[in-house]
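Read through the structure below, which is laid out as structure tokens, and then see the notes.
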Amino acid sequence: MIKFSYRYRINVMRQSGLVTTSEVASSNIRNFDSGNSPSVRGAEEHPLDMLPVSPRNLSDDQFSATVTAIVSAFGDPTRRNIYLFTRESNGVTASEVATRFRLHPNVARHHLDKLVAGGYLDVFIDRKITTGAGRPSKQYRGSKNPSTVETAPHTDELLSFLLTSALERLPEDEIECMANEVGEKYGKLLASHMTPIDSQLSLHQAMRAIADALTAHGFAARSETSGSHRDTVVSDCCPFGSIALSHPVLCVVDRGIVRGMLTTLYGGPVPIKMSSKARGDDNCTVSV
51 MIKFSYRYRI NVMRQSGLVT TSEVASSNIR NFDSGNSPSV RGAEEHPLDM LPVSPRNLSD
111 DQFSATVTAI VSAFGDPTRR NIYLFTRESN GVTASEVATR FRLHPNVARH HLDKLVAGGY
171 LDVFIDRKIT TGAGRPSKQY RGSKNPSTVE TAPHTDELLS FLLTSALERL PEDEIECMAN
231 EVGEKYGKLL ASHMTPIDSQ LSLHQAMRAI ADALTAHGFA ARSETSGSHR DTVVSDCCPF
291 GSIALSHPVL CVVDRGIVRG MLTTLYGGPV PIKMSSKARG DDNCTVSV
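Under my numbering, think of the first position of the sequence shown as 51, with each following residue one higher.
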């Protein structure tokens, strides 16, 4: 497994726009050694905790997935400004955002939907306001429960022990059934916050939205389309970490999440093909 030093982590965060050079300087970090512990002078509190996003309590996989999620959502300066603008309102339309930032409405809608998929914005229908075509207006606003990069490592460790113990006691067929059911329910829950109940996406749009949502939840996912027009979500990180290697059946959760989200976003059952590194495949993918 690749080990990230603190110097590397800070440099990645700075290059990704998560922290500025002045914020790093004011954090009172004097020197870094070649390992995983910074040398600190004159600070009772660990200086990395003073940064807007602290990498100190993240594992290497968590750090990589966190940076991927944040850069995916906010790596574009225009999207960051759209988020700040929308968060301060009670509801805005894609047309209003397009006018405010001088964008084509489709481009504005793309930025807004990506923020919705990441859990940073909520979407709702305001039937009191109609579009030029007479349809109810689709509105965006800041999420009541926005995604966060904060973690509770000790709680995660406890839950990992609990999950491992449960997996060792249950028959594999029961685990697979439960993993699929939980994943599908969670996928439907995620998707319910991403699109109004009477609004559905194309299969290609749905898979792109699913990749964005999975990235926000630690999968570092991306959407790809093959020459045969098959849409695939590729996950570069696994939130289950090493537990999935010893219990590959957990990969079924990923498939369940995608199936649940597709049911809500696309509106119908779709045959799904899955591959998993934990089961010996080259990549972790879900294809439709």
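Here a beta-carbon is modelled for each residue, glycine too, at the ideal position from N, C-alpha and C. Just so we're clear, the structure is a prediction, and the values are computed from it rather than from any experiment.
Under the three-state reduction of DSSP, which class applies to residue i: helix, strand or coil?
i    : result
C334 : strand
I293 : helix
D176 : strand
T265 : helix
Q250 : coil
V303 : helix
D163 : helix
S325 : strand
Please classify residue i: is it buried, with 16 or more other beta-carbons within 10 angstroms of its beta-carbon, or exposed?
i    : result
G330 : exposed
K323 : exposed
S122 : buried
E138 : exposed
F211 : exposed
G317 : exposed
K164 : buried
L134 : exposed
D172 : buried
G168 : buried
K188 : buried
V224 : The sequence given here places Glu at residue 224; Val does not occur at that position. So E224 ends up on the exposed side.
L239 : exposed
L208 : exposed
L264 : buried
P289 : buried
L315 : buried
D262 : buried
T245 : buried
S87  : Here S87 scores only 40 on pLDDT, less than 50, and its place in the model should not be relied on; the value that follows carries that caveat. With fewer than 16 Cβ atoms within 10 Å of its Cβ, S87 is classed as exposed.
What are the boundary residues of the alpha helix (DSSP H) that includes residue i?
i    : result
S242 : 222 to 242
E146 : 144 to 151
T136 : 127 to 137
Following the continuous beta strand (DSSP E) through residue i, name the residue where it begins and the one where it ends.
i    : result
A271 : 271 to 275
P186 : 186 to 192
T282 : 281 to 285
Compute the minimum distance between the beta carbon of residue i and the heavy atoms of the ligand NAD, and state whether it is under 8 angstroms.
i    : result
R272 : In the structure shown, the ligand NAD is absent, as is every other ligand, since no ligand is present at all.
Check whether the region 145 to 165 and the region 219 to 226 touch, using three or more Cβ-Cβ pairs below 8 angstroms as the test. no
Is the region 291 to 304 touching the region 252 to 263 in the sense that three or more CB pairs, one from each, lie closer than 8 angstroms? No, the region 252 to 263 is not in contact with the region 291 to 304.
Between the region 277 to 290 and the region 309 to 321, do three or more beta carbon pairs fall short of 8 angstroms? no
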